[in-house]
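Here the protein sequences come in this chain order: A and B. Our numbering numbers the first residue of the first sequence as 1 and each following residue consecutively. Our numbering numbers the first residue of the second sequence as 249 and each following residue consecutively.
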Amino acid sequence: MTAALIVLVLLAGWEALVRLGGIDDLLLPAPTQVLDALWTDRDLLAPDLAVTTWEVLLGLAAAIAAGGAVAIAMHVSSEARRALRPLVIGSQAVPVPVIAPLVVLVLGFGLAPKILLVALVCFFPVAINLYDGLRDTDPDARKLLRSLDASRWQTLRMLELPGALPSAFTGIKIAAAVAVIGAVFAEWSGSDSGLGHALLIANGQLATARAFAATFLLFLLAVCLYGAFALLERRVAGWTPRSTPGGP
Amino acid sequence: MKTEVEAPGVEPRDVSGGVTIAGVEKSFGPVRALDGVSLRAEPREVVAVAGPSGCGKSTLLELVCGLQRPDAGAVTAAPAALMPQRDGLLPWLSALDNAALALRVAGVGRAAARAAAREHFAAFGLEGFERARLRELSGGMRQRVAFLRTLLAGRPLLCLDEPFGALDALTRLTMQRWLADALEREPRTVLLVTHDVEEAALLADRIVLLSPRPGRVVETLDVPLRRPRHRSDPAIVALRERALAALGADS
């Protein structure tokens with residue numbers, strides 16, 4: 001409620017500033033003008049939204065698959081841990097705007113570079129949070145399973161993986177929120193569709209309101225993805241203290 | 249046939265149901281947890297190990313369950329099921345699935361394991377809570393689920409680590425009586441670790457008193473009293489006072 005109120009006040013201030021302050025709407029369109037562009041250019045923007053959403057979903061899925069596999073490998077085998085840890089950390093140290101043109105150069109203008117760049121942005125939060133979650137299991141439950149002569153696989157399946165779910169979801173939610181960044185940089189480096197592409201075109205045409213509309217859609221996409229995973233978490237890992245109703 | 253296990257030998261396993269611990273020593277780095285502890289439990293005997301915090305009681309149970317190896321001395325034990333101090337229940341499983349966990353680990357199918365656990369729910373006062381999540385259970389119910397899980401491991405020896413340590417005084421009294429009844433129905437060899445000498449006197453056939461770290465046996469008290477026992481019974485009160493005196497607590 002409070003958040004909505006804050007946003008409304010900010011939007012009203014923005015609107016007033018543009019309308020009354022005499023700011024050129026080529027430089028800064030008012031929120032109502034952005035809304036208007038969103039509606040009039042809907043046929044232009046909708047396919048771009050679909051393209052970017054698809055890129056983000058595929059990239060996120062690739063990151064979850066790769067990050068999950070790497071985290072489990074690192075957890076189970078100390079050799080894998082030694083071998084992969086620098087790569088996992090390194091993946092986060094890669095500056096996406098710098099590498100994006102290179103990736104496009106190698107992989108071309110198709111879907112592949114977009115998926116790769118989204119996955120690159122998402123990989124680290126997914127892998128590192130799952131890895132921490134796997135290690136961070138109740139020592140008493142671990143002791144119990146050992147006393148029952150549980151195999152490594154049983155311990156992983158019955159204790160560590162379910163116990164790591166909340167932490168894994170934290171990683172996935174962070175990834176969902178930043179995935180859009182990877183998609184936009186990939187599109188800027190070479191593409192003929194997507195919201196990032198639409199943003200470039202609108203900028204070039206001085207269609208500032210449309211550029212803002214595309215930005216708004218990117219923001220909305222990130223928020224919706226985050227919300228979807230938060231909902232999924234409540235269904236799948238509803239036993240965590242933090243997802244009890246009324247909890248913090 | 250008993251298999252003597254010398255440190256740092258293989259896992260202590262024996263099928264007769266008893267435990268023999270002979271001159272066991274265990275250190276963790278510079279900390280000496282156990283210093284020459286010896287005790288035994290005959291099959292179907294309840295032996296309480298009582299002592300102050302940090303006297304190595306939990307370490308003793310881990311040795312018996314094969315989770316640790318002694319630095320010196322020998323542990324000969326039947327296959328043991330451990331009930332850890334903070335119950336070790338899994339919050340994502342229902343009460344029924346938690347109780348059935350040991351069976352699942354042993355390779356029993358989901359339906360069969362659940363059916364086996366469900367049979368005991370009424371006797372354990374858990375009827376109607378089969379599908380309940382942990383946060384819907386009271387402290388006493390959680391302990392009963394954990395105890396049922398321990399029992400269903402199907403091992404002759406139960407290692408209970410402060411099973412009622414986290415409960416309020418009133419619930420603890422109820423649960424002590426409940427455990428005595430449950431063991432009457434399903435007799436097992438029990439090693440009961442507790443810091444509460446009264447609990448030891450109420451439940452055990454024998455009480456082994458350990459000194460503060462490093463743990464040594466201060467005294468062993470037999471409890472030749474009939475069950476059910478009551479805490480107001482003069483014999484229990486006398487035993488409690490004697491145990492406290494032996495542990496150096498002046499009353």
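Cβ coordinates follow ideal geometry from the N, Cα and C atoms, glycine included. Every value quoted in this text rests on a predicted model; they were computed, and no experiment measured them.
Not one beta carbon of chain B lies nearer than 8 Å to the beta carbon of residue 136 of chain A. Taking a cut-off of 8 Å for Cβ pairs, the stretch 61-81 of chain A and the stretch 127-136 of chain A touch, as three or more such pairs fall below it. Residue 286 of chain B sits in a strand when the DSSP states are folded into three classes. Where residue 470 of chain B is concerned, there is no enclosing alpha helix (DSSP H), although the beta strand (DSSP E) around it starts and stops at 465-470.
As for any alpha helix (DSSP H) of minimum length 4 sitting wholly inside the stretch 381-416 of chain B, the runs are 387-400, ordered along the chain. Contact between the stretch 292-302 of chain B and the stretch 315-335 of chain B is absent: fewer than 3 CB-CB pairs across the two stretches fall below 8 Å.
Distance between residue 459 of chain B and residue 277 of chain B, taken at the CA atoms: about 20 Å. For the pair of segments examined, the stretch 202-211 of chain A was found not to touch the stretch 137-151 of chain A: the number of CB pairs separated by less than 8 Å stays below three. The continuous stretches of beta strand (DSSP E) do not include residue 375 of chain B, and DSSP gives it neither H nor E. The three-state secondary structure of residue 23 of chain A, taken from DSSP, is coil. Check the Cα spacing between residue 105 of chain A and each of A/121, A/180, A/186, A/124: the tightest is with A/186. Residue contact check for residue 338 of chain B against chain A: a CB pair falls below 8 Å.
Note that the C-beta distance between residue 195 of chain A and residue 48 of chain A is below 8 Å. The beta carbon of residue 428 of chain B sits closer than 8 Å to those of 450, 451, 475, 476, 477, all from its chain and outside the five residues before and after it, given in chain order. Rounded to whole angstroms, the separation of the alpha carbons of residue 275 of chain B and residue 464 of chain B is 13 Å. Interface residue (Cβ-Cβ distance to chain B less than 8 Å): residue 159 of chain A is classified as such. For residue 355 of chain B, the secondary structure class from DSSP, reduced to helix, strand or coil, is coil. Selection B/364, B/412, B/485, B/415 evaluated against residue 401 of chain B yields B/364 as nearest (Cα-Cα). DSSP, read as helix, strand or coil, puts residue 109 of chain A in coil. Look at residue 77 of chain A: its C-beta is not under 8 Å from any C-beta on chain B. Counting only residues of its own chain and dropping the five nearest sequence neighbours on each side, residue 174 of chain A has a CB closer than 7 Å to the CB of 125. With its beta carbon less than 8 Å from one in chain B, residue 147 of chain A belongs to the interface. With respect to the 8 Å criterion, residue 343 of chain B and residue 393 of chain B are classified as neighbours on the basis of their beta carbons. Take residue 200 of chain A, set aside five residues on each side of it, and the residues of its chain with a beta-carbon closer than 7 Å to its own are 188, in chain order. DSSP places residue 42 of chain A within a helical segment (H, G or I) once states are collapsed to three. 313: these are the residues of the stretch 286-313 of chain B whose beta carbon lies less than 7 Å from some beta carbon of chain A, given in chain order.
Chain order gives no chain A residues near residue 318 of chain B, where near means a beta carbon separation below 9 Å; the closest approach is about 16 Å. Residues of the same chain with their beta carbon placed closer than 8 Å to that of residue 359 of chain B are lacking, with the five preceding and five following residues left out of the count.
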